[in-house]
Amino acid sequence: MTIAENPRPKTPADLPAAEPTATRPADEWWRSAVIYQIYPRSFADGNGDGMGDMSGITERLDALAELGVDAVWLSPFYRSPQRDGGYDVADYCDVDPIFGTLGDFDRMRERAHGFGLKVIVDLVPNHTSSEHEWFQQALASPEGSPERARYIFRDGKGKNGDVPPNNWESVFGGAAWTRTVNADGTPGQWYLHLFDSSQPDLDWNNPEVHAEFVRILRFWLDRGVDGFRVDVAHGLVKADGLPDFEKPLTGGSMGGAGVPLTPEIEGAAEPELPSTPYWAQEGVHEIYREWRRVLDEYEGDRILVAEAWVDPLTKLADWVRPDEMHQAFNFVYLETPWEGPALRRVIRDSLDAFGGVGAPSTWVLSNHDVVRHASRLALTAENPQGAGIGPNSEGKPIPEVGIRRARAASLLMLALPGSAYVYQGEDLGLPEVIDLPDEARQDPTWYRTGGERYGRDGCRVPIPWEAAAPAYGFSHTGESWLPQPEEWAELARDVQTGTPGSTLELYRAALRLRREHGLGIGRLEELDGYPDDVVAVRIGDVTVIANTGETPIELPAGELLLSSEPVGEAALAPDTTIWLRLQD
Ligand code: NOJ
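Quick note on this note's numbering: the sequence shown kicks off at 139 and runs consecutively.
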């Protein structure tokens, strides 16, 4: 194979500031780990009630070990009324009966460790469930009491106090304040909830809240977990005085700063960060320094991962300074369109920003809050994060384009140095489920916007394991809390296992080669000499070329390691990524 112009590795001066390898222990697992997200409700159901659970996870962990990931992250499985899929926690130190018991958790953790898989759990510190003991005590206690001081209660404005204390909006739609009712039936104070009204925000100015979360961290660290994914890690501290937000958040963002996270075109200035009085306040960092000191007391490399929708990346890097968290989800990357210039820029910016503070970059394309990338990358109209797609959405994705781009995008992501996150089912190439009946939808976004935004149920449908089994092997009874589409039989794990060209085999091969070639700890060099809509990089001895354009490109001579589609004679087709070892 030949290429018109010989790609020239950039000189060191051209390169992004890579992680300072000399100053960090190379053996810290999380710097290069591939971490698989399990959404427990939808992974595997052990008891047949249609809801995934801990014993289901335990039984299916072998599949993840075979896939070749390094760790699992479990979304919340704690006691919860499940008003927001478990992100409404009523007891942080117990397993909800729908998922099993603490004993079931211990068995799952032991089995995962037996396979060499690290276990990360989710920590939800911005808010509790309204059924949490603390909130129930607060409601039963007088204004100004210590019980109320754990949350953010305020008097309303206006003559009768019937106007909310400020103009903040819930991320899920509607006002971020709900008024309480006093014991005598009269209207009372308001409480803040950046999410659903069943998720009251805690007051992180209160030392009691700090002490409680240190207790919770220790509870799980003592139980042997390897880390925490920290929910809404940019939201815990609110601006003093709770001022009105001059530009209320109306989009579907999972807490973004109110601006799209998508990077601007190459060379353009970083978007200015609007000062949102509830996101990215300076005070959050002291909390993570406190937690870091706790984790550092424990043996092994235990980690904190920030779910922080913060843009630009240089700002997000503050969350992973040496004495704070270890990783932050790279949502700027997730929101980058499948376009060469934007991808080149975000890869460069990510390595620069995280490398600048000695942290690895992370890479992520899908999770339980966004339209699955096998659909998102082929949307034909704007779809803000968290809005979802449903039967009446405009700009529905073209499925063939989506899966092809998703495979190419995944193959690019899995080559990049740093740590990559894989959301359950993306390894099967699952698309977003669009045709869910209205009555099946459970996301609070759907209810709080009166059906205007479909929300996130479409990426949370229970995943298929066996084509011929009831509920495709998710549950032996055939029950499933969200209906699974018929087309998923052909995407089931058993059908894809050992099938050349399947998405599952593509992921397995990618993870094997990633490990063999040390891609996760490699140094990335950008390669020149390719068309603008091509991303061409070299990591160690592997050259990665992704063609996001509409025309085939010539390939350099080299040994084919892996490609997202069959590669023709010396040409790389549109929407295809290839890994090559170039001839000298
Ligand atoms: C982010 C979580 O990923 C999402 O699922 C949840 O609804 C919100 N935080 C609120 O906890």
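Virtual Cβ for every residue (Gly too), placed ideally from N, Cα, C.
Length of the line joining the Cα atoms of Ala407 and Gly563
Here residue 407 refers to the residue found at position 269 of the sequence shown. Here residue 563 refers to the residue found at position 425 of the sequence shown. Low confidence applies to Ala407: its pLDDT is 43, below 50, so where it sits in the model is not reliable enough to give any reading.
My parser needs the alpha helix (DSSP H) runs of 4 or more residues fully inside the stretch 574-620; what are they?
582-586
Continuous alpha helix (DSSP H) stretch holding Phe469: start and end:
Taking the first residue of the sequence shown as position 1, residue 469 is located at position 331. It spans Phe469 to Leu472 - the alpha helix (DSSP H) in which Phe469 sits, taken as one unbroken run.
Less than 8 Å between the CB atoms is what I'm expecting for Pro178 and Phe237, so what's the real figure, rounded?
As a working mapping, residue 178 is identified with position 40 in the sequence shown. As a working mapping, residue 237 is identified with position 99 in the sequence shown. Contact flag correct, Cβ pair sits at about 6 Å.
Leaving aside the five residues before and after Ala371 along the sequence, list all residues of the same chain whose C-beta is less than 6 Å from its C-beta, in chain order.
Residue 371 sits at position 233 when you count from the first residue of the sequence shown. Within the same chain, Ala371 has close Cβ partners Ala444, Glu445 and Ala446.
Would the beta-carbon of Tyr329 be found less than 8 Å away from any heavy atom of the ligand NOJ?
Taking the first residue of the sequence shown as position 1, residue 329 is located at position 191. False, no ligand heavy atom lies under 8 Å from that Cβ.
Integer Cβ distance of Leu629 from Gly596, believed to fall under 8 Å
Here residue 629 refers to the residue found at position 491 of the sequence shown. Here residue 596 refers to the residue found at position 458 of the sequence shown. Actually they are not in contact, since the Cβ atoms of Leu629 and Gly596 sit about 15 Å apart, beyond 8 Å.
Does the pairing of the stretch 247-266 with the stretch 337-351 give three or more beta-carbon distances under 8 Å?
yes
Could you tell me which of Glu532, Arg591, His511 and His614 sits nearest to Glu538, measuring between CA atoms?
Counted from its first residue, the sequence shown places residue 538 at position 400. Of the listed residues, the one whose Cα sits closest to Glu538 is His511.
Between Val432 and Val352, what straight-line distance do the alpha-carbon atoms span, to the nearest angstrom?
Translated into the one-based positions of the sequence shown, residue 432 becomes position 294. Translated into the one-based positions of the sequence shown, residue 352 becomes position 214. Between Val432 and Val352, the C-alpha separation is close to 8 Å.
Output the boundary residues of the beta strand (DSSP E) element that contains Pro325.
Numbered from its first residue, the sequence shown carries residue 325 at position 187. Looking at the DSSP string, the run of the beta strand (DSSP E) that includes Pro325 is Pro325 to Leu330.
Note down the Cα distance separating Ser618 from Phe469, rounded to an integer number of angstroms.
To locate residue 618, count along the sequence shown from 1; it is residue 480. To locate residue 469, count along the sequence shown from 1; it is residue 331. Looking at the two C-alpha atoms, the distance is approximately 30 Å.
Would you check whether the ligand NOJ has a heavy atom nearer than 8 Å to the C-beta of Asp222?
Reading the sequence shown from its first residue, position 84 is the one you call residue 222. Answer for Asp222: yes, Cβ within range of the ligand NOJ.
Could you pull out every residue in the same chain whose Cβ sits closer than 8 Å to the Cβ of Gly678, ignoring the five residues on either side in sequence?
Residue 678 sits at position 540 when you count from the first residue of the sequence shown. His655, Gly656, Leu657, Gly660 and Arg661, listed in sequence order.
Three-way DSSP call (helix, strand, coil) for Ser180 in this model:
Translated into positions along the sequence shown, residue 180 becomes position 42. It is helical.
Could you tell me the alpha carbon to alpha carbon distance between Glu477 and Asp671, rounded to whole angstroms?
On the sequence shown, position 339 is the one that residue 477 refers to. On the sequence shown, position 533 is the one that residue 671 refers to. Roughly 6 Å separates the two Cα atoms.
Which residue wins for smallest C-alpha separation from Val458, given the options Ile425, Gly438 and Thr474?
Within the sequence shown, residue 458 is the residue found at index 320, counting from 1. The shortest C-alpha separation from Val458 is found at Ile425.
Under 9 Å between the Cβ atoms of Arg288 and Ala278?
Against the sequence shown, residue 288 aligns to sequence position 150. Against the sequence shown, residue 278 aligns to sequence position 140. Not in contact: Arg288 and Ala278 (Cβ atoms no closer than 9 Å).
Would you kindly work out how many angstroms separate the C-alpha atoms of Phe723 and Thr324, rounded to a whole number?
Nothing can be reported for residue 723: it is not among the residues displayed for the chain, which extend from 139 to 722.
Terminal residues of the alpha helix (DSSP H) in which Gly528 lies
The residue you call residue 528 lines up with position 390 of the sequence shown. No alpha helix (DSSP H) contains Gly528, which DSSP labels as neither H nor E.
Sequence-distant residues of the same chain with beta carbon closer than 7 Å to Pro214, five excluded per side
Translated into the one-based positions of the sequence shown, residue 214 becomes position 76. Contacts found: Gly224, Tyr225, Val227, Asp260 and Val262.
Give every residue of the same chain whose Cβ lies closer than 7 Å to the Cβ of Leu620, excluding the five residues on either side of it in the sequence, and list them in chain order.
Taking the first residue of the sequence shown as position 1, residue 620 is located at position 482. Cβ within range, chain order: Leu574, Ala578, Asp595, Arg598, Val599 and Pro600.
Alpha-carbon spacing of Ala558 relative to Phe492, whole angstroms
Reading the sequence shown from its first residue, position 420 is the one you call residue 558. Reading the sequence shown from its first residue, position 354 is the one you call residue 492. About 14 Å.
Who pairs with Tyr559 in a beta bridge, going by DSSP?
Within the sequence shown, numbered from 1, the residue matching residue 559 stands at position 421. Partner(s): Ile173 and Val502.
Inter-residue spacing [alpha-carbon to alpha-carbon] between Ala609 and Asp165:
Start at 1 with the first residue of the sequence shown, and residue 609 comes out as number 471. Start at 1 with the first residue of the sequence shown, and residue 165 comes out as number 27. About 41 Å.
Cβ of Pro600 less than 9 Å from any chain B Cβ?
In the structure shown, chain B does not exist; there is a single protein chain.
Short check: CB of Gly373 to CB of Tyr416, under 9 Å?
Taking the first residue of the sequence shown as 1, we reach residue 373 at position 235. Taking the first residue of the sequence shown as 1, we reach residue 416 at position 278. For Gly373 and Tyr416, yes; Cβs fall inside 9 Å.
Rounding to the nearest angstrom, what Cα-Cα distance links Glu707 and Gly611 in this structure?
Position 569 of the sequence shown, counted from the first residue, corresponds to residue 707. Position 473 of the sequence shown, counted from the first residue, corresponds to residue 611. Computed Cα separation, rounded: 40 Å.
Do you know offhand how far Ser434's Cα is from Leu199's?
Mapped onto the sequence shown, residue 434 falls at position 296. Mapped onto the sequence shown, residue 199 falls at position 61. Checking the displayed sequence, the identity of residue 434 turns out to be Asp instead of Ser. For Asp434 and Leu199, the distance between alpha carbons rounds to 28 Å.
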